[in-house]
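The structure appears right after this line, and notes come after that.
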Amino acid sequence: METLIVKEKDGLVIVEGVKDFDLTHIFECGQCFRWNRESDGGYTGVAHGKVIHIKQDNERVILENTTIDDFNNLWYDYFDLDRDYGIIKKTISNNDEIMQEAVKFGSGIRLLNQDEWEILISFIISQNRSIPIIKQNIEFLSKQYGKYIGSFRGNDYYDFPAAETLAAKSCEYIKSCKVGYRAPYIQKVAQTIANDKFIFELKNRSITEAADYLLGLFGVGPKVAHCIMLFSMKKYESFPIDVWVQRVMKELYGLENAKQINEFAKEKFGEYGGFAQQYLFYYARSHNIGKTKSGDRV
DNA sequence: TACCAGGAAATCG
DNA sequence: CGATTTCATGGT
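Mapping the first sequence onto numbering that gives the first Met the number 0, position 176 (from 1) lands on 175, and the numbers just tick up by one.
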């Protein structure tokens with residue numbers, strides 16, 4: 000992104016000139032599970048083994064409990080600040096009133112660049128579950144098996160557990176985090192990743208090769224594979240199809256099945272499919288598109 | 001109480 | 001091979 004001004008003041012990192020950026024859109028659009036809104040309107044979260052607090056006042060973003068070095072080396076990429084979302088939004092919503100509305104609603108979404116391993120397990124857990132429960136499960140896992148990071152504003156924070164740690168636990172222990180029938184998926188995948196760090200290479204491979212590898216993991220199907228590639232590997236043509244995307248594509252575009260949806264997304268959104276999907280998901284879930292009669296849309 | 005949740009594996013026909 | 005059933009758990 001052009002013309003970002005970064006400075007440090009009173010222990011805070013202040014970034015000015017941040018466009019197409021809204022914390023609520025970013026953290027509530029379903030891409031991440033470890034960020035929580037605080038009473039001051041900002042969010043506290045764990046990523047990169049660190050806990051930070053972030054708050055926003057229009058185009059000014061304020062980070063607490065971090066440094067300029069970490070901003071430059073970690074958070075700048077994590078928040079995808081090097082990307083011009085104006086171009087993306089304009090391109091995907093060209094001649095498409097539906098997308099225009101979805102983009103307007105989630106105008107400040109940025110696709111976070113998250114850890115492959117954490118996203119893998121998070122979205123294995125996500126299957127057939129609601130987002131609040133997914134967040135709760137991941138908190139259980141982190142508190143039980145994650146490394147203690149430290150205390151911030153009176154709360155203790157734990158990193159997402161390492162693959163080696165989970166690989167060494169039995170299914171029964173993993174199940175104590177209330178992940179249900181997904182426990183054996185987690186346990187087996189943890190062993191795979193602990194022995195074979197290949198997942199961290201996929202970012203540099205083709206989307207086909209990445210998908211092939213991910214689909215070979217126990218408990219990973221098409222939807223979860225696409226979420227992993229989109230949220231942790233910068234494979235932005237990925238187009239995860241979940242219940243909400245199915246609903247919104249049927250309700251607003253008249254598409255009946257996954258095959259039709261994939262062809263439409265590839266044809267219409269191309270390299271920006273993942274961004275389009277995320278605007279649509281956030282819009283659909285926030286407005287209950289497909290769950291209520293179509294006249295209820297805001 | 002029955003049904004649903006950012007689905008995928010197992011099983012069926 | 002595509003279509004259906006099953007799988008834990010918590011919220012509504």
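A virtual CB, placed ideally from N, CA and C, is assigned to each residue, including glycine.
Reduced DSSP secondary structure (H/G/I, E/B, other) of residue i
| i | result |
| --- | --- |
| SER293 | Bear in mind that a pLDDT of 46 at SER293, under 50, signals an unreliable position, so the model cannot answer this. |
| ILE4 | strand |
| GLY41 | coil |
| ARG36 | strand |
| ILE84 | Looking at the sequence provided, one finds Tyr at residue 84 rather than Ile. Correct three-state label for TYR84: helix. |
Nonlocal neighbours in the same chain, by C-beta distance under 6 Å from residue i, ignoring five residues either side
| i | result |
| --- | --- |
| SER207 | Note on identity: in this sequence residue 207 is Thr, with Ser being the wrong assignment. If we look at THR207 and ignore the five residues flanking it on each side, it has no Cβ neighbours. |
| LYS88 | VAL102 |
| GLN55 | LEU22 |
| ILE133 | PHE32, ILE124 and SER125 |
| PHE306 | For residue 306 there is no data in the structure shown, the boundaries of the chain being 0 and 297. |
| PHE238 | ALA264, GLY272 and GLN276 |
| GLN186 | CYS170 and ILE173 |
| PHE268 | ILE91 and ALA275 |
| LYS142 | TYR157 |
Neighbourhood of residue i by C-beta distance below 7 Å, restricted to the same chain and skipping five residues each side
| i | result |
| --- | --- |
| ALA209 | LEU201, MET228, MET232 and LYS234 |
| TRP116 | ALA162, ILE192 and ILE198 |
| GLY218 | ILE123, ARG181, TYR184 and VAL188 |
| ILE108 | HIS24, ILE25, CYS28, GLN277, TYR278 and TYR281 |
| ILE240 | LYS222, ALA257 and ILE260 |
| VAL297 | Confidence is the limiting factor: at VAL297 the pLDDT is only 35, short of 50, which leaves the residue's position unreliable, though a coordinate-based value still follows. Correct list, in chain order: HIS286. |
Continuous beta strand (DSSP E) stretch holding residue i: start and end
| i | result |
| --- | --- |
| VAL50 | 49-56 |
| VAL14 | 11-15 |
Proximity to residue i [Cα-Cα], best of the options
| i | options | result |
| --- | --- | --- |
| LEU279 | CYS176, SER106, SER141 and PHE151 | SER106 |
| TRP243 | PHE159, ILE288, ASN261 and GLY253 | ILE288 |
| HIS286 | ASP9, CYS28 and PHE20 | CYS28 |
| ILE67 | LEU80, GLY41 and LYS8 | LYS8 |
| ILE91 | ALA275, LYS290 and ALA283 | ALA275 |
| TRP34 | TYR271, TYR156, ILE173 and LYS265 | TYR156 |
| THR164 | SER175, ASP79, LYS177 and GLN190 | GLN190 |
| LEU216 | ILE120, ARG59, CYS176 and ALA167 | ILE120 |
| ALA283 | LEU251, GLU262, GLU270 and GLU266 | LEU251 |
| LYS177 | ALA166, PRO160, LEU140 and LYS146 | LEU140 |
| VAL247 | CYS226, ILE97 and PHE70 | ILE97 |
| TYR144 | PHE159, GLY179 and PHE70 | PHE159 |
| GLU266 | GLU236, GLY40 and ASP39 | GLU236 |
| GLY85 | LYS18, ILE130, ALA166 and PHE70 | LYS18 |
| ALA167 | ILE148, ASN194, TYR147 and GLY179 | ASN194 |
| ASP69 | ASN154, VAL5 and GLY149 | VAL5 |
Alpha helix (DSSP H) segment containing residue i, residue limits
| i | result |
| --- | --- |
| ARG284 | 272-286 |
| GLU27 | 22-27 |
| GLU208 | 206-214 |
| ILE260 | 257-267 |
| GLU63 | Per DSSP, GLU63 belongs to no alpha helix (DSSP H); it is in the beta strand (DSSP E), 59-63. |
| GLU250 | 242-252 |
| VAL223 | 221-231 |
8 Å Cβ shell around residue i - same chain, five flanking residues per side excluded
| i | result |
| --- | --- |
| TYR77 | ALA46, HIS47, LEU111, ASN112 and GLN113 |
| LEU11 | ILE61, LEU62 and GLU63 |
| ARG128 | ASN136 |
| ASP79 | ARG109, LEU110, LEU111 and ASN112 |
| PHE151 | THR43, VAL50, HIS52 and ASN64 |
| LEU214 | GLY220, PRO221 and ALA224 |
| THR75 | With the sequence shown as reference, residue 75 is identified as Tyr, and Thr is not the correct amino acid for it. Result list for TYR75: ASP81, in chain order. |
| ASN72 | none |
### Query
Unbroken beta strand (DSSP E) runs of length 3 or more, entirely within the region 100-155: which are they?
The qualifying runs are 147-151.
### Unbroken stretches of the alpha helix (DSSP H), 4 residues or longer, contained in the region 153-199
If we require 4 residues or more, the alpha helix (DSSP H) runs fully inside the region 153-199 come out as 162-166, 170-174 and 182-194.
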